[in-house]
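Notes follow the structure.
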Amino acid sequence: MEARSFVLRGVVAGAVAGLVAWVFALLFAEPQVEAAIAYEEGRGEAEEALATAAGAVPAGGAEEEVVSRGVQATIGLGVGMVAIGIALGLLFAVVYTLLHGRVALRPRVLALVVAGAGFLTIYATPFVKYPASPPAVGSDETIGDRTALYLVMVIGSLLFLVAAVAVARLVRGRIGTWNAVLVGGVVYVALSAVLTTVLPGLGELTINAVENGPRVSETPLPLRDASGAILYPGFDADVLYHFRVASFAAQALLWGVLGLAFGALVERRLAKGEVGERTPETSAA
Amino acid sequence: MTTAGAVARAKATAVPASETLPWLISAVLVGLALYYVVGIDQGAVSVLGDTTVLHELVHDARHFLGFPCH
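Protein sequences appear in the order of chains A and B. Take the first sequence: its letter number 148 is residue 148 in the working numbering, and every next letter is one higher. Take the second sequence: its letter number 18 is residue 18 in the working numbering, and every next letter is one higher.
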């Protein structure tokens with residue numbers, strides 16, 4: 001099989017994974033997103049009432065909706081999930097192509113290993129430091145900083161995995177495969193721990209620290225009046241928890257389906273090649 | 001590395017790079033572009049114009065996939 005076959009199968013497997021993740025998101029993400037938006041709107045009204053009471057001129061009418069909530073929560077969600085599935089499927093296929101025939105794993109096992117590595121580096125490790133957040137959690141003013149910090153975590157995790165694999169390969173001859181994988185795991189966790197410790201929490205960003213004092217996150221605190229009485233509650237901890245668990249599960253599902261579907265497609269193609277014209281790669285399994 | 005692995009390696013490298021590379025390079029470029037469009041554009045930075053149509057369309061997916069959003 002050549003690169004073309006792998007890349008096209010990556011697109012197909014990625015799109016399928018995106019569709020599955022879309023259905024999951026419709027069921028488990030949207031209720032939390034709706035709750036978060038309701039919180040955001042209620043809080044906006046409370047803040048406006050507080051400002052009016054303090055003598056400020058109320059801000060102009062509500063923001064105009066560019067895309068309706070109905071579209072965002074269904075088609076928009078689907079477009080985003082399938083597009084990211086295809087994007088990750090393409091990147092996945094490139095890594096798979098480079099490893100195919102070079103490691104002693106049959107295709108469907110190698111596909112799952114690469115998918116697991118993608119989940120670990122592109123989503124799970126950054127999530128430890130900067131977890132997925134629903135609307136209302138996250139300040140407009142810090143979007144630039146938050147995007148940069150998130151990408152540092154993604155790129156750092158990818159580099160750390162490359163380093164961990166390099167170390168494991170280096171010591172494998174002396175201590176065996178099992179122990180070499182353990183050493184690689186320790187290298188990955190240690191490097192990731194250093195990076196997550198060095199990078200600032202979102203609540204420590206200057207704008208946030210000035211407003212609320214240094215905190216770990218940007219999760220909204222209760223809105224208080226001058227006397228300190230709570231006018232509007234802080235963000236619901238349960239909504240935040242359920243949103244993040246669902247987000248984590250959706251990514252595991254996305255990468256899992258991508259790896260399984262890709263592995264199945266490649267093995268089917270290789271089996272066909274064995275029956276029909278003899279392709280040299282059939283011996284790679 | 002087993003003998004079978006070594007054979008596979010020899011055969012894998014038998015595919016000329018001139019046929020493989022264009023596919024791999026385009027896959028990386030298109031993959032990164034899609035990742036950027038879904039996750040980042042029309043947020044902190046924007047190459048697809050000063051509107052927020054795309055951002056708003058994929059808004060829920062962006063939050064749910066873990067990307068920083070407003």
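C-beta: ideal position from N, C-alpha, C; glycine also. Note that the structure is predicted; figures quoted are calculated from it, not measured.
DSSP places A/L8 in the helix class (H, G or I) of the three-state scheme. Exposure of A/K272 is indicated by the presence of fewer than 16 other C-beta atoms within 10 angstroms of its C-beta. In this structure A/G10 touches A/G89 by the C-beta definition: roughly 4 Å separates them, less than 8 Å. Judged by their CB atoms, A/I75 and A/G14 are not nearer to each other than the 8 Å cut-off. Interface annotation, A/M81: in contact with chain B, CB-CB separation under 8 Å.
Under the 8 Å criterion on CB atoms, B/L48 is classed as non-interfacial with respect to chain A. DSSP places A/L231 inside the beta strand (DSSP E), whose first and last residues are 230–232.
One Cα belongs to A/R268, the other to A/K129, and the distance between them is close to 39 Å. Counting C-beta atoms within 10 angstroms of its own C-beta, A/Y96 has 16 or more neighbours from the protein chains shown and is therefore classed as buried.
Look at the beta carbons and you see the segment 32–44 of chain B not touching the segment 214–226 of chain A: under three pairs across the two are nearer than 8 Å.
When the beta-carbon positions are compared, A/A35 and A/V187 stay at least 8 Å from each other. Inclusion of A/G259 and A/P107 in the CB contact set at 8 Å is not warranted, their separation being larger than that value. Taking the C-beta atoms as reference points, A/G18 is found nearer than 8 Å to A/I84.
Contact annotation: in the segment 140–166 of chain A, residues whose CB is within less than 9 Å of a CB in chain B are D140, T142, I143, G144, D145, R146, T147, A148, L149, Y150, L151. For the segment 55–70 of chain B, the beta-carbon criterion of a distance under 9 Å to any beta-carbon of chain A is satisfied by H55, E56, L57, V58, H59, D60, A61, R62, H63, F64, L65, G66, F67, P68, C69, H70. B/L32 sits exposed, since fewer than 16 C-beta atoms from the chains shown fall within 10 Å of its C-beta. Here DSSP, grouped into helix, strand and coil, assigns A/L223 to strand. Going by beta carbons, B/A27 and A/V94 fall inside the 8 Å limit. With a cutoff of 8 Å on beta-carbon distance, A/G185 and A/A164 are scored as near each other. Among the CB atoms of chain B, none fall inside 8 Å of the CB of A/V245. Put simply, the CB of A/L90 is near chain B, with a gap under 8 Å to one of its CB atoms. With a 10 Å radius around the Cβ and a threshold of 16 neighbouring Cβ atoms, A/I155 comes out exposed. Around the Cβ of A/R43, a 10 Å sphere holds 16 or more other Cβ atoms; the residue is buried.
Closest in C-alpha terms to A/L254, from the list A/L120, A/V20, A/V7, A/S5, comes A/V20. In the three-state reduction of the DSSP assignment, A/V66 falls in the coil class. For A/F127, the chain B residues whose C-beta falls within less than 7 Å of its own C-beta are G66, listed in chain order. Below 8 Å, too few C-beta pairs join the segment 46–64 of chain B and the segment 141–160 of chain A to call them touching: fewer than three. Within its own chain, the residues whose Cβ lies closer than 8 Å to the Cβ of A/V33, once the five positions on either side in sequence are excluded, are A73, P134, P135, F243, listed in chain order. Annotated as distal: B/D60 and A/A148, with beta-carbon spacing of 8 Å or more.
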